[in-house]
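Protein chains in written order, with this note's numbering: chain A, 105 to 460; chain B, 105 to 460. Reviewing the structure listed below.
There are 2 protein chains.
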Amino acid sequence: MFAVIMAGGKGARFWPRSREKMPKHLLDILGEQTIIQETVERIRPLVPAERTLIVTGQSHAAELMRQLPEIPAENILIEPVGRNTAPCIGLAALHIQRRAGDAVMLVLPSDHRIGDEDGFRRVLKAAAQAADSEDCLVTIGIRPTGPETGYGYLEQGEPFAAIGEDDLFRVRSIREKPPREEAERFLAQGGFLWNSGMFAWKASTILQSIGRHLPELERGLAKIREAIGTDREADVLGRIYRELPSVSIDYGVMEKARDVLIVPGSFGWSDLGSWDALWEISRKDGRDNAVRGSFIGIDAARSLVHSPGKLVALVGVEDLLVVETDDALLICRRGHSQDVKKVVETLEKEGREEYL
Amino acid sequence: MFAVIMAGGKGARFWPRSREKMPKHLLDILGEQTIIQETVERIRPLVPAERTLIVTGQSHAAELMRQLPEIPAENILIEPVGRNTAPCIGLAALHIQRRAGDAVMLVLPSDHRIGDEDGFRRVLKAAAQAADSEDCLVTIGIRPTGPETGYGYLEQGEPFAAIGEDDLFRVRSIREKPPREEAERFLAQGGFLWNSGMFAWKASTILQSIGRHLPELERGLAKIREAIGTDREADVLGRIYRELPSVSIDYGVMEKARDVLIVPGSFGWSDLGSWDALWEISRKDGRDNAVRGSFIGIDAARSLVHSPGKLVALVGVEDLLVVETDDALLICRRGHSQDVKKVVETLEKEGREEYL
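Structure below.
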């Protein structure tokens, strides 16, 4: 079994900590380790470092290797440009087939937070087992804890089989991020799961599905396959990848495929999409302040403070997200962290590259 | 005519910019210049540097001289310990008598903000003229613009004389900082002025008044007078000053003296007592943000941002006081800046000297 970690994200929503050169998964906002270090370590009991592949962009490869010295350099697959998840997964599948003939691959985002690691691994294992024995596309659905509008949803179909402690279901439909009322209806109705963006399938299965639903991508991948391992590899990859359709695996394959199964799981999952999400999952003091760094609160409550190396005093304030770096300070009302991207847009518009 | 600037203050209310080593009057929170530089420059048309005395503590003398190179070193009078305003003024009066026999002295705090400098100098001039011709204690009262509870009040008595464009009044009473209802009554009733802590009198007049109302202070000053200019000066000052009663000129002399006159003035005065006061008097943008430094506001309003050298982004917040230094960050709800001293008290209690 292989693991493929997709580390192409930019993470502007964690500005000012996240920057173009330092996207979310390379940051240590959750604790001692960076998010990708936690991601790799979390699957270690299932997949050793030699079979863990990471797909990333050129500009982050060096920092990624620095953070993950145990991952062999040839396991870092570099996309010449970002082309969304379908080409990324296709490229990884080619490499796995070349190394192992065929194998199950777990496909994981680089930047999620998992509360219950044992539960997470159990679900992954069940998904991999189903992918292997049923020759199908398996997606992992998260049992929702609220009517989130920031996630896509999977509608569960009939039970397919029981695998160990877990059940396997057919997929009835895949839904884009819904408006609030629809999300509430999903929850009330039951049978809907959050789309985690985590998958298990054999390399051969996903490449066949790409061939069926994304023939243009298949043609590009075929050219890349021929070049892998030759001295034309970098050249061909650089030329062909740029021409590949930029499409997500959800939209390009999963929504169209028939042979999709779901393993539902509950393991304290969050896609860690914003400073608000970080406050939600952080350990808090008696006034519900989540603090990283030296802190004095006078009538201060329900705030996130991320300011390593500087004393922060909050006086008479509540519901703030406070994030400080060497060159920038963000103070955002809690619940408004989706607007942090407006700050980044303003900086882009004003050409203030040094803050991007 | 001499000017005596009292620069003994600590200014914990401007933490984290103000520190034990760097009190408010040594900071540039108002603009390009530090507050004491502005204070000295403001009176320059009336009093040259050679006749401007500054009374301060040992630990601030060097920085003060650095900021005010035009003030002769012998004009920096160093108090061995802080003993409130009466001993400070008495010491300055001794030095003035020794240099000039006798002269009018303007007594000014080091850390006020004045909007109308011409108006301010006109009132000072009128006060000095009255102090000279009437041989009395003259205090400057500010026509109130609101029922402030942070200032003491002067109750105006009968008119005494007209001096140029200004009028001179007797004082009926001197009131401590009043509760809100009383301050409102003062304003409704009229005839009450804010006590600015600015005075004019001859050196001989104030020393006589000290003799009458503070005989213990007079005895101490007499010993210091004998030593000034001798090689015993530092020794005697160090020994005697410590024993002087710690008392304000208001409480020790002005409230008891009969020969007190007021010149009322309106010249955009503020005692600049807090970050809230600074926001009030600062120039603001269209959303009422007063900003020093690089700034991006997304739905941000009515806030003060003092963060030289760092980009600050406010998102969805209002009514915040944000002050950043190399080692500390304060975020305080506007209207709560009196609680900043609680932060300083906490730091003292925890023995975190590096932040004091």
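The beta-carbon is built from N, C-alpha and C at its ideal position, and this holds for glycine as well. Quantities reported herein were computed from a predicted structural model and do not represent experimental measurements.
Sequence-distant residues of its chain with Cβ nearer than 6 Å to Ile-200(A) (five each side left out) | Only Phe-106, Ala-207, Met-209 and Ala-307 meet the Cβ criterion.
Looking at the structure shown, is Phe-273(A) part of a helix, part of a strand, or coil, going by DSSP?
-> Note: Phe-273(A) maps to strand in three-state DSSP.
Would you tell me roughly how many angstroms separate the C-alpha atoms of Ala-177(B) and Pro-248(B), rounded to the nearest one?
-> Taking the CA atoms as reference points, Ala-177(B) sits about 37 Å from Pro-248(B).
Say whether the stretch 427-440 of chain B touches the stretch 107-121 of chain B, bearing in mind that this needs 3 or more beta-carbon pairs closer than 8 Å, one atom from each stretch.
-> Verdict: yes, contact present.
Shorter than 8 Å from the beta carbon of Glu-428(B) to some beta carbon of chain A?
-> Yes, because at least one Cβ of chain A sits closer than 8 Å to the Cβ of Glu-428(B).
Does the beta carbon of Ser-411(A) sit closer than 8 Å to a beta carbon anywhere in chain B?
-> Output row for Ser-411(A): interface = yes.
Shortest alpha-carbon distance to Ser-350(A) belongs to which of Gly-324(A), Gly-372(A) and Ile-366(A)?
-> If we check each option's Cα against that of Ser-350(A), Gly-324(A) comes out closest.
What does Ala-432(A) reach in chain B if we use C-beta pairs closer than 9 Å?
-> Those within 9 Å of Ala-432(A) in chain B are Ser-398, Lys-414, Leu-415, Val-416 and Ala-417.
Considering only residues of the same chain and omitting the five flanking positions on each side of Ala-361(A), which have a CB-CB separation below 7 Å?
-> These residues qualify, in order along the chain: Leu-241, Ser-313 and His-317.
Please confirm whether Ile-109(A) and Val-144(A) have their CB atoms less than 8 Å apart.
-> Yes; because the gap between Cβ atoms is below 8 Å, this pair is in contact.
Shorter than 8 Å from the beta carbon of His-129(A) to some beta carbon of chain B?
-> No, His-129(A) does not count as interfacial toward chain B.
Chain-ordered chain B contacts of Gly-377(A) [CB-CB under 9 Å] = Chain B residues near Gly-377(A): none, gap ~16 Å exceeds 9 Å.
Spatially closest choice to Val-211(A) from Arg-187(A), Met-126(A), Arg-274(A) and Ile-310(A), by CA coordinates = The shortest Cα separation from Val-211(A) among Arg-187(A), Met-126(A), Arg-274(A) and Ile-310(A) belongs to Ile-310(A).
For the stretch 174-234 of chain A, which segments carrying the alpha helix (DSSP H) assignment without a break, of at least 4 residues, lie completely within its bounds, in sequence order?
-> Counting only runs of 4 or more, we get 189-204.
Leaving out the 5 sequence neighbours to the left and right, which residues in its chain are closer than 7 Å to Ile-218(B) when beta-carbon positions are compared?
-> Cβ neighbours of Ile-218(B) beyond the five flanking positions: Arg-146, Phe-224, Phe-371, Gly-372 and Trp-373.
If you compare alpha carbons, which of Pro-213(A), Arg-226(A), Phe-399(A) and Ala-304(A) is closest to Ala-417(A)?
-> Closest by alpha carbon: Phe-399(A).
Can you check the stretch 245-319 of chain A for any beta strand (DSSP E) of at least 3 residues that lies completely inside it and give the ranges in chain order?
-> 257-267, 270-279 and 296-306, all fully within the stretch 245-319 of chain A.
Nearest candidate by alpha-carbon position, reference Ala-166(A), set Leu-195(A), Asp-375(A) and Lys-125(A) = Nearest of Leu-195(A), Asp-375(A) and Lys-125(A) to Ala-166(A), Cα basis: Lys-125(A).
If we call anything under 8 Å between Cβ atoms a contact, is Pro-251(B) one with Arg-284(B)?
-> Contact: yes.
When we look at the beta-carbon of Glu-174(A) and count the other beta-carbons within 10 Å, is it buried (16 or more) or exposed?
-> Flag for Glu-174(A) reads exposed.
Exposed unless 16 or more other CB atoms sit within 10 angstroms - verdict on Lys-229(A) = Residue environment analysis places Lys-229(A) among the buried positions, since at least 16 neighbouring C-beta atoms fall within 10 angstroms of its C-beta.
In chain order, what residues of the same chain lie with their CB nearer than 8 Å to the CB of Glu-384(A), ignoring the 5 residues before and after it?
-> Cβ neighbours of Glu-384(A) beyond the five flanking positions: Ser-374.
Since I believe Leu-168(B) is in contact with Ile-180(B) (beta carbons under 8 Å), could you give me their beta-carbon distance rounded to a whole number of angstroms?
-> Contact check for Ile-180(B) and Leu-168(B): beta-carbon distance about 6 Å, within the 8 Å limit, so the pair qualifies.
Cβ of Ile-133(B) within 8 Å of any chain A Cβ = Judged by the 8 Å Cβ criterion, Ile-133(B) is not in contact with chain A.
Got a sec? Which residues, its chain only, sit under 7 Å from Ala-265(B) by beta carbon, not counting five neighbours each side?
-> Cβ within range, chain order: Leu-272.
Expected contact under 8 Å - CB spacing of Gly-112(A) and Lys-128(A) to nearest Å | Not a contact, Cβ separation roughly 11 Å.
Select from Asp-363(A), Gly-369(A) and His-410(A) the residue whose C-alpha is nearest the C-alpha of Leu-382(A).
-> Among Asp-363(A), Gly-369(A) and His-410(A), the Cα nearest to that of Leu-382(A) is on His-410(A).
Rounded to a whole number of angstroms, what is the C-alpha to C-alpha distance between Thr-138(A) and Val-419(B)?
-> One C-alpha to the other measures close to 26 Å.
Met-169(B) - containing alpha helix (DSSP H), residue span = Met-169(B) -> alpha helix (DSSP H) spans 162-171.
Thinking C-alpha only, which one of Gly-135(A), Met-302(A) and Asp-239(A) is nearest Ala-190(A)?
-> Out of Gly-135(A), Met-302(A) and Asp-239(A), Met-302(A) has the C-alpha closest to the C-alpha of Ala-190(A).
Can you list, in chain order, the residues of its chain whose CB lies under 6 Å from that of Ser-163(B), leaving out five sequence neighbours each side?
-> Nothing meets the Cβ criterion.
Between Gly-161(A), Gly-342(A) and Asn-299(A), which lies nearest to Tyr-355(A) when the distance is taken from Cα to Cα?
-> Looking at the Cα atoms, Asn-299(A) is the closest of the given residues.
Answer yes or no: does any C-beta atom of chain B fall closer than 8 Å to that of Lys-388(A)?
-> For Lys-388(A), the answer is no, since every Cβ of chain B falls outside 8 Å of its Cβ.
Taking the C-alpha atoms as reference points, what is the distance between Arg-276(A) and Ala-292(A)?
-> Rounded to whole angstroms, Arg-276(A) to Ala-292(A) spans 17 Å at the Cα level.
What does Lys-446(A) reach in chain B if we use C-beta pairs closer than 8 Å?
-> In chain order: Ile-402 and Val-419.
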